[in-house]
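Positions 5 to 242 (this note's numbering) are the ones given, in order, by the sequence shown. To start, the structure under review is shown below, and the notes come after it.
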Amino acid sequence: MTNTETTAGESPLAGVTAELQARRDAILLAMLPDVTFDGWTPAAMRRGAEQAGFDPREAEAAFPEGPLQVVAHLADWANRQMAAKLATTDLSALKVRQRVALAVRTRLEILTPHKEALRRAAALLAMPHGLPLAPRLLYATVDAVWKAVGDQSNDFNFYTKRLLLSGVVSSTALYWLDDASEGHADSWAFLDRRIADVMRVGQGIAKVKGSSGKAGDLLVHLPSPARFMRHLRGAFSH
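Next comes the structure, spelled out in structure tokens:
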């Protein structure tokens, strides 16, 4: 079967999407060594395409929005790698907090060989033109973590879980970037402490939700998670 052919029951669009994703993955991974030294630049994109066996012009075709789009794809790639690894792991014996810690740690371990590229990505996202992208990537990551550990919440918990985990993921990633301890042991201890803090906060919020006062009533009237997700997907597609 050629790259352009599809299996029975698979739509042509799905085949094209999978092929584009694979091409983007290949270019991304090939360009990461250059990013370490030269940063997230169009030149690094072109060299990555060439190293991956494509015409250098394929870099612009795969990532028409430039380096920021490649940074976004790196985050997506890490989320997919994390989900794939956890899918082969028996999580049934773990508590929720342990599952979440494992997911966050797994994602960072996947990114460990590319730490310097991550530092440069963080600097790029801190620039004015990168600022709008940063919260989108953070949301996508925490959503991927919760889904990977089997979360199926569709009520108020949908919001609180993602909001609280956002702080854990962002603070742990920043700590991890500067962590020189053996095997990143200090980062994993930091992660465990942050998750313990979040569990306490989450329990407090649950009590507020269960109250009959104005705060509890307000939380009941939040929009449905499904509608919230549709709104986010529309906003992120621009």
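In this text, a Cβ means the ideal position worked out from N, Cα and C, and glycines have one as well. From a predicted model like this one, the values you see are computed outputs, not experimental measurements.
Original post:
So what's GLN156 in DSSP terms, helix, strand or just coil?
Top reply: Here the question's residue 156 lines up with position 152 in the sequence shown. It is coil, neither helix nor strand.
**OP:** Go to TRP81, then tell me how far its alpha helix (DSSP H) extends in each direction, as first and last residue.
**Re:** For the purposes of this step, residue 81 is identified with residue 77 of the sequence shown, where counting begins at 1. Where TRP81 is concerned, the enclosing alpha helix (DSSP H) stretches over 71 to 91.
**OP:** Note the first and the last residue of the continuous alpha helix (DSSP H) segment covering THR110.
**Re:** Against the sequence shown, residue 110 aligns to sequence position 106. Segment 100 to 115, the alpha helix (DSSP H) holding THR110.
**OP:** Quick one: using the 10 Å Cβ neighbour count with 16 as the cut-off for buried, is VAL20 buried or exposed?
**Re:** Translated into the one-based positions of the sequence shown, residue 20 becomes position 16. VAL20 is exposed by the Cβ-count criterion.
**OP:** Could you tell me the distance, in whole angstroms, from the CA atom of LEU169 to the CA atom of ALA88?
**Re:** One-based indexing of the sequence shown puts residue 169 at position 165. One-based indexing of the sequence shown puts residue 88 at position 84. Roughly 20 Å between the two C-alpha positions.
Original post:
So THR176 packs on ARG198, CB below 8 Å; how close in whole Å?
Top reply: The residue you call residue 176 lines up with position 172 of the sequence shown. The residue you call residue 198 lines up with position 194 of the sequence shown. The pair is a contact, with the Cβ atoms about 6 Å apart (cut-off 8 Å).
Subject >> Beta-carbon contacts of LEU253 that lie in its chain and below 7 Å, excluding the five residues immediately before and after >> reply: Not covered by the structure: residue 253. The range shown for the chain is 5 to 242.
Subject >> Proximity of ALA115 and LEU122 at Cβ, strictly below 7 Å >> reply: In the sequence shown, counting from the first residue as 1, residue 115 sits at position 111. In the sequence shown, counting from the first residue as 1, residue 122 sits at position 118. With the sequence shown as reference, residue 115 is identified as Leu, and Ala is not the correct amino acid for it. A contact, by the Cβ cut-off of 7 Å.
**OP:** Specify whether the region 156 to 170 and the region 182 to 189 touch according to this definition: at least 3 beta carbon pairs, one from each stretch, less than 8 Å apart.
**Re:** no
Subject >> Test item: CB-CB of VAL202 and VAL172 under 7 Å >> reply: Here residue 202 refers to the residue found at position 198 of the sequence shown. Here residue 172 refers to the residue found at position 168 of the sequence shown. Yes, the pair counts as a contact, with Cβ atoms nearer than the cut-off.
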